[in-house]
Structures are given as structure tokens and as C-alpha cells.
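Going down the list, the sequences are from chains A and B. For the first sequence, the working numbering assigns the number 1 to the initial residue and increments by one for each residue that follows. For the second sequence, the working numbering assigns the number 503 to the initial residue and increments by one for each residue that follows. For each residue, glycine too, the CB sits at the ideal point set by N, CA and C.
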Amino acid sequence: MKNEIILEAKGVKKCFGGVVALSNGNLRCRKGRITGLLGANGSGKSTISKIIAGVYKPDGGEIHYNGRIVHYRNPHEARQDGIALVFQNLSLVPDLTVWQNVVLGIERNRGLFLDDEGARLLAREILEELYPGFDVERKVSELSPGEMQVVEVAKALAANPQLLILDEPTASLEQAQVRSLFACMRTLAQKGVAMIFTSHRLWEVMEICDEVTIFRNGEDVATIDFDTEEKDPEKIIGYITGEQRKTVVAVNHGKASGDVLLRVKVKSKTRDKFLDDVSFELHEGEILGIGGLAGQGQEELMYALAGSYPNVRCEIELKGKKIRLHRPQDAIRHSILLVPGDRQREGLFLDHSVYDNAIFPRLGLRGHPLWIPEREYRRMCEEAVRILSIKTPGVDAPVNTLSGGNQQKVVVARWLSFDVQVLLLADPAKGVDVGAKRDLYEYIVKLAREKKIGVLLYASDNEEFVEYCDRLLIMYEGQIVATLQGDEINDDAITAASMRVR
Amino acid sequence: MNTALDKPRLFRYTYEKYRKVIVVFLLIVFVFVFGKIALPTFLSVEQVFMTVKLASFTALFGLCQMIVVAGGGGGLDLSVGYNATLTAVITASLMDGRDERLAIALLIAVAFGIMIGLANGALTSYLRLPPLVVTLAMADILQGIVNAYVAGKAITGRPAPILVSLAAKLTGKFPNILFVLIPTAVLVTLLLNRSKWGQILFGVGANERTAHLSGINVKKVRCIAFVVSGVLASVIGLLLLGNMGIAFKDMGSNYVLPSIAAVVIGGVSLNGGSGNYLGVILGAVFLQALTNMLIAFGLGDAGKWMTFGIILFLVLSFYASNRRSR
């Protein structure tokens with residue numbers, strides 16, 4: 001009974017608006033076994049778990065569950081059928097108490113009213129196993145992210161699932177909580193519950209899983225059964241990155257020969273998951289990459305250097321002089337300029353014209369005259385449009401009429417009239433077409449080389465690091481864990497350094 | 503880049519910006535022409551000037567409202583009318599009909615305005631309380647102070663004659679209040695469109711995160727917007743006193759909701775990030791003209807208000823449908 005197949009996904013396909021997320025996904029789960037899903041960002045592992053749990057509808061393929069083909073229209077149907085998903089981005093209601101959240105959606109009635117006492121008891125029972133001493137009467141809004149994740153797991157368990165899908169449940173947990181989660185998972189496995197577990201921490205997967213299935217580019221590329229095969233991290237990373245190496249010619253691997261431009265020491269005031277303890281040097285004319293898995297503190301580091309991340313103590317030296325970065329004004333005054341990652345949310349005023357957007361940062365400068373020198377600024381703006389080849393009918397066109405790539409160029413254009421010393425780029429090519437991406441990077445490389453400015457680059461796509469970085473720092477849970485230089489900067493090395501950390 | 507094809511597109515963007523102003527203007531013309539059917543004297547120079555004069559105070563309160571609304575973050579100032587009442591009640595007895603006391607009255611008005619505005623601004627920006635509730639509470643407190651001040655005694659005093667001639671009198675057929683409103687409108691329009699203050703205010707309203715990362719102190723800007731609104735409201739209180747000749751308990755409160763309506767009809771988004779004072783003035787004139795027309799048609803109180811409300815709904819849904827189709 002222990003090895004009976006409970007779920008089998010065959011040839012599952014899923015597209016999101018023309019982008020193929022999953023081209024051929026196959027997965028098998030057995031009772032009482034924990035199956036690990038591995039893969040890089042965007043490999044399709046998250047998509048297939050969500051399809052199984054009924055969050056997405058597949059575009060093709062079959063899912064067999066308990067011997068029959070199932071088509072769930074929503075997670076609720078799947079949950080009633082015994083498939084529970086522990087959400088990665090939390091699905092709890094902040095204003096309800098812990099126990100109310102745990103039983104949400106499976107409440108039982110007692111007469112006209114809900115059976116509150118029974119629900120409390122159930123929640124307490126489940127949580128006692130996961131996290132002894134947990135107070136079920138607290139409101140979810142008062143909990144820490146780690147505690148919320150525990151409640152999320154408890155909520156999934158309350159439905160008494162036969163198949164439990166845990167999509168990166170450990171991302172916000174502390175070491176001790178991970179231990180108790182694992183202990184609980186083992187107990188469940190003994191009771192015959194099948195589990196799908198994803199995590200970007202390789203060691204966790206190796207520790208808890210009985211077998212792993214590896215996804216790459218929307219396909220499953222390998223399944224390794226740890227009962228019969230040995231746990232070989234090298235081999236697994238090989239599957240994750242792909243055997244054949246991408247032949248990207250690295251043009252710009254110059255040596256960072258310039259003087260030190262920026263010396264950074266960032267330490268969190270309280271223990272901060274996202275930005276803990278980071279120090280490095282940035283040289284004149286250097287393009288320094290900040291890589292690693294998504295969400296390891298790269299963007300927080302950018303905000304800290306832009307003066308907009310309050311929970312850190314920064315010791316920053318610019319050209320040997322100590323500077324303070326408490327507010328964005330401070331960073332701008334010292335010509336440390338941020339091109340934020342989410343241009344629509346933090347880089348632009350979408351309804352305003354290209355001109356209004358481009359000149360805006362100047363208005364906040366100390367001693368800016370009350371009346372805007374319009375003729376001068378218009379000339380400046382038209383110049384910026386020309387240099388970056390922004391495709392717009394004119395500088396008075398609203399930014400929201402431009403394409404994504406051209407919008408991104410407008411964000412860069414805002415800083416063009418400043419005397420840049422350090423440019424902070426947070427994923428500048430996200431959602432930008434190939435042509436605009438090349439324009440943008442060519443301009444930035446030129447700027448760095450000619451004007452001797454320092455560039456700090458975070459990108460979600462490793463290829464940009466390979467192509468443009470002189471040096472690459474790898475971040476993991478708010479710390480720098482590796483430095484790659486010159487020819488070491490390639491896709492394999494980056495992925496290995498990003499994942500193989502304990 | 504500036505090909506011949508792009509010219510019409512750019513023209514369209516400019517048109518989009520002023521479309522609502524044009525619409526309100528046409529609506530006003532329509533109301534006057536339609537009103538003539540009921541009352542032959544409805545469309546006359548005197549009648550038009552009278553309407554504009556009555557609308558001036560709504561338009562002035564609308565300026566307070568527009569500044570706070572443009573700063574975004576759900577900005578709204580419900581305390582403006584009560585602020586004006588308090589200023590009027592207190593300065594009336596102080597001035598007692600003498601021009602030489604006007605300077606002191608003005609000083610007191612500005613001081614009141616700063617205090618009330620700072621309280622509103624600090625509570626909303628720095629303590630992050632919702633402007634709707636904060637300014638509503640402020641309105642209640644101010645009304646309470648007025649009630650306590652006038653309790654058991656008649657409100658004495660008259661405005662300075664200068665105020666009376668400025669707010670209530672006409673020069674020929676031309677209402678003097680327009681000598682205040684028109685220069686204000688020109689100055690405000692210039693400040694909004696050509697100065698850094700206006701552009702910073704719009705930026706903060708359009709996207710506070712972008713403004714913050716661009717080096718703008720968002721909280722300070724929003725707080726100042728409330729202070730400006732407070733000072734303006736107090737000074738409007740003086741003009742209102744000049745217009746009425748005496749101060750009374752709820753002389754300003756009736757303007758609060760129309761001032762918000764004027765802002766919306768003038769095409770200013772309550773989400774912040776934009777503002778057009780000409781539109782707000784026209785919005786106020788439209789509201790006044792509509793009221794006059796409904797009275798001219800002899801509709802009773804019930805009919806007047808109901809029709810008024812229905813027409814407001816229609817105008818606003820017209821705006822909304824235009825936004826959707828874009």
C-alpha cells in the first residue's frame with residue numbers, strides 16, 4: 001500500500017498569454033512519499049503544482065488522481081477531494097484569528113451556528129504538532145512571516161489531505177521551524193499522505209525528499225529516486241542548469257582596475273531576513289552584478305543604497321569620504337541614482353508626459369528655482385530621448401502610451417541630466433523587448449567606461465550578468481556568499497553558486 | 503521622430519487634458535439657454551454675473567479642495583467651511599465695521615488657518631490617518647467651538663467696509679469678488695503648471711513611491727497642502743463675512759460638499775495627481791447655474807434636489823464611460 005501511485009500528471013501543458021510556462025510536465029506521486037520538485041526560476045515547477053491544486057487550468061495533458069482523471073475548476077474543489085496546497089504567497093485573512101483561518105472553508109455547523117469550540121480544538125491539535133505552544137487566539141496580522149507560514153501549513157492539514165503540496169514553505173521559516181515542519185512531514189508520510197515539496201534550498205530537498213523530479217524550460221528532465229540512487233548534488237545541478245552549455249560570448253569581462261569608488265557596509269539593525277550583512281567595494285568604471293536566486297536581498301540592497309530601506313545601518317564611503325544615506329534625497333545629492341525594478345509602481349507617473357517624468361527628479365533638488373526653466377528642460381529632455389532612442393511621438397505624449405522598453409528608457413532618462421557617480425539598476429530589462437534591452441545596456445556600458453561611473457546591476461536573468469558584468473556577487477538570504485570574476489561568470493557557475501549554499 | 507503622423511496624436515493628448523473643461527463649459531451654456539425657456543430674463547448679463555458671483559465662494563472653497571485632492575492619498579478637506587465660519591464669527595466682533603482692524607483680522611485668519619491646516623496635515627501625513635475622517639472630526643470640533651462661542655449671546659460685529667465692497671458690491675454690473683477670483687485663478691494655474699510646487703504636488707498625488715524615490719519628502723508635501731487649504735479657507739471666511747454682512751453659526755458649512763462636487767465636475771480626479779483650476783471654477787458655475795435654472799422652472803424643494811442629484815449622476819457617469827472606453 002505504501003508505494004501505491006496516488007497522482008500522475010501526464011504531458012501537462014500551460015501557456016500564459018503566449019508564454020509557455022509548461023510544455024510537457026510529467027509527475028508521479030506515491031502514498032507516503034515526499035516528492036521534491038527542483039528547477040530554476042521559471043522552469044515550470046511552480047506552475048505544475050498549481051495546476052494539480054486547481055489554481056490554474058491546464059491547456060493540455062491529463063491528471064490522474066486516485067485512478068480517475070480529474071478536472072478541478074478551483075482550489076476549493078481540489079481541497080474537498082483531498083489535495084491541499086500550502087501557498088507560497090500567503091493566503092491568510094489578517095483580521096481573523098489563527099484558528100478561524102485554519103478552519104476557513106471547511107467550517108462545520110452546529111445547528112444554526114458554526115461549531116467554534118470544535119474548530120478551536122482542531123486548530124490547537126494540528127498546531128501543537130507543528131509548533132508546540134502556539135496561541136491559536138492571536139490574530140494573523142500580529143504574527144511574524146514565519147508564524148504565518150506555520151498557520152498556512154496547519155490550514156492545509158485541517159482538510160485532512162491525501163496529497164499535500166508545499167510550494168516553498170520554508171522560504172520564510174527559521175531553522176528551528178523548518179525542523180519541526182520536517183518532523184511533521186515525516187509523521188504525515190508515515191500516515192500515508194503523499195507530498196510534493198518545492199524549495200530553492202537544495203540541502204532541504206536532499207534531506208526531506210524520497211525522490212526528486214527536476215524541471216527545466218517547462219519540462220521534467222529527470223527523476224531521481226533516493227532509495228535506489230545516491231544523493232549527488234553535482235548531478236542534480238547539472239540537470240537544473242542543463243547539460244549543454246549556452247554559448248554566450250562574454251565581451252565585457254574587463255578587470256576592475258579603477259580606484260575604489262564606493263565602499264559599502266550594510267548591516268541590519270534587527271535580524272533581517274532580506275538584508276542582513278553585506279559589504280563590498282565598487283570600482284570606478286566597473287559593472288558589478290548582484291546575483292543569486294530571486295528574493296535573496298538584491299533589491300533590498302539597492303533600496304538601502306538609494307536611501308529607502310529603513311531597517312539597516314549603512315556605512316558607506318564614496319571616494320574615500322563617509323556619507324549618510326537616510327533618505328532618497330541623500331543618495332541623490334551624492335549622485336547615487338536608482339533605476340527601480342518595478343517601473344510602473346516606483347519609477348514613473350504613468351498618466352504624465354515623457355517631459356514631466358523626465359524632469360521630475362530635478363525639481364526636488366535643493367535650491368531649484370520656483371519657476372521651471374521650461375525651454376532649457378525641454379531641450380534636455382529631447383536630448384535624452386535622442387541619446388536613448390526613445391520611441392515616442394513627442395515629449396508631451398503620456399508615458400502610458402509607450403511600450404514597456406521605452407517606458408524603461410524614460411526611467412533612465414530621468415537621471416541623464418545628473419552627474420552620475422553610482423548607478424543602481426534593479427532588473428532594468430524586465431519586460432523589455434530585445435532591441436530596447438540592447439540599447440539600454442550599450443548606453444550603460446558606455447557610460448561606465450567613459451565617465452568612470454560605477455554600476456550596480458541586479459537582473460533576474462543570468463544572461464545579462466554573463467554578458468555585461470565585470471564581477472558578480474551572489475547573494476543568499478541577505479548575505480554575499482560568493483564572488484565570481486571574469487570567465488567564472490557563466491550560467492552554470494552562477495546557478496551552482498546560487499543554489500549550493502547551506 | 504516628430505513625423506507628420508505624430509502631430510495629430512500629440513494634439514489628441516492635449517485635447518484629452520482639456521476635454522472635461524470643454525464639456526463643463528458647454529453644459530453651462532446649455533443650462534443658460536435652456537433656462538431662458540422658463541424665464542426670459544435668465545440669459546442676461548446681470549443674470550450671468552449674478553450666477554458667477556454666487557458661484558465664486560464655491561469656487562474658492564473648491565481651490566482648497568483641489569489642492570488637497572491633487573496631493574493624492576485620498577486627500578479631502580471637509581473642515582474648510584467650518585474653518586471659515588469660525589474665522590468669520592471671531593473676526594466679526596473684532597473688526598466691528600472698522601477698516602483699520604482688517605489687518606489684525608487677516609493676521610488672525612492666517613494664524614487660525616495655519617493651526618487648523620497643520621493639525622489636519624500632521625494627523626493625515628505623519629500619523630497616516632484617513633483624511634476623510636480626520637477633517638470630518640476637525641469640522642465637528644470647529645463647529646463645537648463656534649457653538650460654544652455664540653452660546654447664550656448674539657453674535658455681534660460687522661465686517662470691515664473694504665471686505666463688504668470686495669465681496670458683496672458690484673462695479674457697474676461686474677461683481678467685485680471677481681477681482682479676487684480671476685487673479686487667484688491665473689496665479690494658481692501658473693503655479694500648478696509652471697512652477698516646481700505644482701509639479702511636485704502632482705507627482706506626489708500620481709505615485710507617491712516614485713516621488714519618494716525621486717527625492718521628494720512626500721509627507722511634508724501633503725502636510726503643506728493641508729496648511730495651504732486651511733489658510734485659504736480662513737481667508738475665504740473673511741470674504742464670506744463681507745458678503746453676508748453678519749456672521750452666523752453655519753455660514754460656511756453649506757459650501758463644503760458643493761466644493762467637492764465642483765472639483766469632480768471640473769474634471770479633477772479624486773485619486774490625485776492632476777488639477778485644473780479653470781475646470782473647478784466652471785464646475786462651481788455649472789452647479790450654481792443648474793440650481794438657478796431649477797428654481798426658475800418653479801420646482802419645489804424636493805423636485806429641485808432630486809433633479810440636481812440626477813443630473814450630477816449623469817454628468818459623472820458620462821466622465822466614467824469616457825475613461826473606460828479609452
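Cβ contact annotation for A/Y441 (same chain, cutoff 7 Å, sequence separation greater than five): Y468, in chain order. Neighbours of A/I474 in chain B, taken as residues at a C-beta separation under 9 Å, are lacking, since the least C-beta distance is about 26 Å.
For B/D601, no alpha helix (DSSP H) encloses it, and the DSSP letter there is neither H nor E. For A/A397, the C-beta contacts it makes with chain B under 9 Å involve D508, R511, L512 and Y515, in order along the chain. Residue burial is scored here from C-beta neighbours: B/V535 has fewer than 16 other C-beta atoms within 10 angstroms and is therefore classed as exposed.
Listed by position along chain B, the residues whose Cβ is nearer than 8 Å to that of A/S141 form an empty set, because the closest Cβ is around 16 Å away.
For A/P398, the three-state secondary structure derived from DSSP is strand.
Comparing alpha carbon positions, the residue from A/P393, A/H334 and A/E376 closest to B/P510 is A/P393.
Under DSSP, A/L22 shares a beta bridge with A/K14.
Distance from the CA atom of B/I610 to the CA atom of B/T589, rounded to whole angstroms, is 8 Å. Annotation: Cβ neighbours of B/G705 in chain A (cutoff 7 Å, chain order): F349 and F360.
Chain B places a beta carbon closer than 7 Å to that of A/G364, counting this residue as a contact. Across the structure, A/W415 and B/A639 are spaced so that their CA atoms are roughly 43 Å apart. Contact annotation: in the region 568-590 of chain B, no residue has its CB less than 7 Å from a CB in chain A.
Interface annotation for the region 693-722 of chain B against chain A: R696, S697, K698, W699, Q701, I702, F704, G705, A708, N709, R711, T712, A713, H714, L715, S716, G717, I718 and N719, criterion Cβ-Cβ distance under 8 Å. The beta-carbon separation of A/V93 and A/L104, rounded to 7 Å, stays under the 8 Å limit for a contact. At least one beta carbon of chain B lies nearer than 7 Å to the beta carbon of A/W371. A check of alpha carbon separations from B/L562 across B/S819, B/E518, B/I679 and B/V706 identifies B/I679 as the nearest.
For the pair A/L288 and A/L424, the CB atoms are not nearer than the 7 Å cut-off.
In this structure, A/T198 lies away from A/D227, with their beta-carbon atoms at least 7 Å apart.
In the DSSP assignment, A/H76 falls within the alpha helix (DSSP H) that extends over P75 to Q80. In this structure, DSSP gives B/C566 a helical state, which the three-state scheme calls helix.
Linking A/Y303 to A/G67 through their CA atoms gives a straight-line distance of about 51 Å. Only exposed fits B/F676, as fewer than 16 other CB atoms lie within 10 angstroms of its CB. If you ignore the 5 residues before and after A/G82, its C-beta comes within less than 7 Å of the C-beta of P161, Q162 and L163, all in its own chain and listed in chain order. A/P145 carries a helical assignment under DSSP once its states are collapsed to helix, strand and coil.
Straight across, the Cα-Cα distance linking A/I214 with A/M148 is about 28 Å.
A straight line joining the alpha-carbon of A/L350 with that of B/A713 spans about 12 Å.
Beyond the five residues adjoining it in sequence on each side, A/Y355 comes within less than 8 Å, by CB distance, of Y377, R378, C381, V395 and D396 in the same chain, given in chain order. A distance below 7 Å separates the beta carbons of B/K538 and B/L545. Distances from the CA of A/L38 to each of A/P233, A/E300, A/L173 and A/P373 were compared; the closest alpha carbon is that of A/P233. At least one C-beta of chain B is nearer than 7 Å to the C-beta of A/P328.
Excluding sequence positions up to five before and after A/Q298, its CB lies within less than 6 Å of the CB of I290, Y458 and M475, all in the same chain and listed in chain order.
Within the region 756-785 of chain B, G775 and S776 place their CB atoms closer than 8 Å to a CB of chain A, listed in sequence order. DSSP, reduced to helix, strand and coil, places B/S731 within a helical segment of the structure shown.
The secondary-structure analysis by DSSP pairs A/R471 across a beta bridge with A/L288 and A/Q485.
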